[in-house]
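This report concerns only the one structure given below.
Numbering (this note's numbering), first residue to last: 2 to 662.
Take a look at the structure:
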């Protein structure tokens, strides 16, 4: 059997070889953290390489994702379906070993960790999900949810502000199942960090309420002892501060930023192999090293033991066991279609004129009994976002529930939600003012990139926000959200469209959704059954022209009623126009051409109306069409006055339509 150091050197060798062949990459962190990884993965990680989706596996997150060869080496060596040819094609087109770990590319990659800080924040979400699921499903004598979340992170993750948002909340929650390893190597891309990062990390995390241990990151016995202590700590997350040498083993580049983000070079690779005593050829692993790493048998035994535990649980609690399996599979309840249809019908029948944030709250209240996986929350704006309902139990410190007050942590909230969604068993949604979607944009982008189901409730959606002024009045935000690939943005016009938007967001399994909602009241709009069904297509004819349409007015959200009022004036003046409500441009764009043409008749001039930047709408109206929009920032005044000041009036819509005819 190989020594621990020799096993760790396999990671170093594979990292050097892959980065050298690709002529790009980051060898320093994997080489520096190899000893830590060896101890964790061989002696502590509960996982099964032949069953990467096993529900009670430990989760491993590489937050310093630029060091991706570390996790690719670990997955290959322990027996996951990641053959050597994939490692040899590191950073090449269609390789499962991308430059940063990408969720869905290779088995065992739990989340996409690109932008620094989001991996540790996802990890907090994983650990929060584990604690919530344990609270909901574990029974006396039956701990079917009982796993740890391990995360590796570097100085860059700690410098990013989101790490404060997430790690502070993790301490408040007492996430004993979260164990983080800090690669304390004193190096970032620009060099030694003493000139720009001198935080006392130990005291910082102790102030959060974490359990902190400091070790030599190249001493396997000390690392093992620290992990054992961390696993015993049930009421606090643990940070293991590991003093390491970046690029460990490289005679001329270790301890320097020279090995952070560049290949070592053929000569230095040869010298490092000699220094490490590694004489195998590139991309070759000796049989005894494979034997020392192989986790398939141990993993199968661990999963089998859990299967026996779950069988006993299922025998005593059959309903809970069935619910656990459904939720971990991401399936909706058997009654979902009927319940969703009833909610939409009831909402429409009520015919209430409400702000769409109020409509959303009613939808949440209606859906909560059907969806026990619902996990609501807000970034300190519950009373404004209206994201809670009577059925929810609010999480308070270490008391569990199904509604979370995240505090003023918009970015952290949505990145935590990404981790929760990836963990499985929960359907997280979170609210903030739409203006603050800017703070969270990168987390939205990562959810869309991974194709995971989260729901953002973004209220106070336009200059109609009013007196808070331009700092709180979104102008470009809705268009910016729509431009994120794979993000579905819904901006409903009234209660019925809001209900459909919620249903579509819940039903969507391959990406996130954003519900952009008004502060101000919106009048109810009567519709036929066919029109209600067509809302799900993203756009539909909400009011047909009386006669052959001379123009098409496209509107979204609060501006739909404005378009309908303008239609009446135009009709009275002898200009028939069609009005199209477009609650989701993204969903409409996915419809077939025949449907699109049935809504937006080719050859008929178009005018778009939305209280946001105008350029986005050119894709629908063309250069010859018109847009009633706003391409400046707003003003501080009552919402109605601001809307009028910027031309969101019937008279101006009529004027613009006439100008393009």
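Just so it is clear, CB atoms sit at the ideal spot from N, CA and C, and this is done for glycine as well.
(request) Have a look at 162, 20 and 78 and flag the residue whose alpha-carbon is nearest the alpha-carbon of residue 100. (result) 20
(request) In the DSSP assignment, find the beta strand (DSSP E) that holds residue 212 and state where it starts and stops. (result) Going by DSSP, residue 212 is part of the beta strand (DSSP E) stretching over 212-217.
(request) Would you kindly check if the distance between the Cβ of residue 64 and the Cβ of residue 110 is under 7 Å? (result) Not closer than 7 Å, so no.
(message) Does chain B have any CB closer than 7 Å to the CB of residue 302?
(response) This model lacks chain B altogether, as it is built from one protein chain only.
(request) Starting from residue 208, trace the alpha helix (DSSP H) both ways and give me its first and last residue. (result) 202-209
(request) Could you spell out the range, first to last residue, of the alpha helix (DSSP H) harbouring residue 295? (result) Residue 295 -> no alpha helix (DSSP H), and no H or E assigned at all.
(message) Rounding to the nearest angstrom, what Cα-Cα distance links residue 589 and residue 491 in this structure?
(response) Answer to the nearest angstrom: the Cα atoms are 11 Å apart.
(message) Using C-beta distances below 6 Å, list every residue in its chain close to residue 376, excluding the 5 sequence neighbours before and after it, in chain order.
(response) 403, 427 and 429
(request) Quick one: using the 10 Å Cβ neighbour count with 16 as the cut-off for buried, is residue 252 buried or exposed? (result) exposed
(message) At 3 residues or longer, what runs of the beta strand (DSSP E) sit wholly inside the region 60-94?
(response) 60-63
(message) In this structure, how does DSSP classify residue 114 when only helix, strand and coil are distinguished?
(response) DSSP places residue 114 in coil when its eight states are reduced to three.
(request) Confirm, please, whether the CB-CB distance from residue 136 to residue 155 is below 7 Å. (result) no
(message) Within 8 Å, do at least three Cβ pairs link the region 264-272 to the region 10-27?
(response) yes
(message) With distance defined between alpha-carbon atoms, name the residue in 162, 228, 142 and 105 nearest to residue 152.
(response) 228
(message) If contacts are defined as beta-carbon pairs under 8 Å, then residue 662 and residue 610 qualify, I think. What distance do you get, rounded to the angstrom?
(response) Residue 662 to residue 610, Cβ: 16 Å. No contact.
(message) Just to confirm, is the Cβ distance from residue 172 to residue 210 under 7 Å?
(response) Cβ atoms of residue 172 and residue 210: closer than 7 Å.
(request) Please confirm whether residue 81 and residue 50 have their CB atoms less than 7 Å apart. (result) yes
(message) What does the alpha-carbon distance come out to for the pair residue 357 and residue 181?
(response) 41 Å
(request) Note the first and the last residue of the continuous alpha helix (DSSP H) segment covering residue 138. (result) 119-138
(request) With DSSP as the reference, label residue 309 as helix, strand or coil. (result) helix
(message) For a quick check, are the C-beta atoms of residue 33 and residue 249 less than 7 Å apart?
(response) yes
(request) Give me whichever residues DSSP pairs with residue 459 in a beta bridge. (result) Its beta-bridge partners are 433 and 517.
(message) Using CA atoms only, rank isn't needed, just tell me which of 639, 569, 555 and 637 is closest to residue 620.
(response) 555
(message) Taking the straight line between their C-alpha atoms, what separation do you get for residue 386 and residue 134?
(response) 25 Å
(message) Does residue 154 come out as helix, strand or coil in the three-state DSSP assignment?
(response) strand
(request) Check whether the region 43-61 touches the region 273-280, counting contact only when three or more Cβ pairs, one atom from each stretch, lie closer than 8 Å. (result) no
(request) Answer yes or no: do residue 512 and residue 452 have a C-beta to C-beta separation smaller than 7 Å? (result) When the beta-carbon positions are compared, residue 512 and residue 452 come within less than 7 Å of each other.
(request) On a CA-only basis, which of 383, 579, 534 and 416 is nearest residue 550? Give me that one, please. (result) 579
(message) What would DSSP say about residue 5, mapped onto helix, strand or coil?
(response) When DSSP states are grouped into helix, strand and coil, residue 5 belongs to the helix group.
(message) Within the continuous alpha helix (DSSP H) that includes residue 323, where are the two ends?
(response) 319-330
(request) Quick one: grab the DSSP three-state call for residue 405. (result) strand
(request) Give me the Cα-Cα distance between residue 592 and residue 558, rounded to the nearest whole angstrom. (result) 20 Å
(request) Could you check what DSSP says for residue 440 in three-state terms: helix, strand or coil? (result) helix
(request) Return helix, strand or coil for residue 395, following the three-state DSSP convention. (result) strand
(message) With three or more beta-carbon pairs closer than 8 Å as the criterion, would you say the region 56-70 touches the region 288-295?
(response) Pairwise C-beta distances place the region 56-70 out of contact with the region 288-295, as fewer than three of them are shorter than 8 Å.
(request) Return the bridge partner residues of residue 491 from the DSSP annotation. (result) 516
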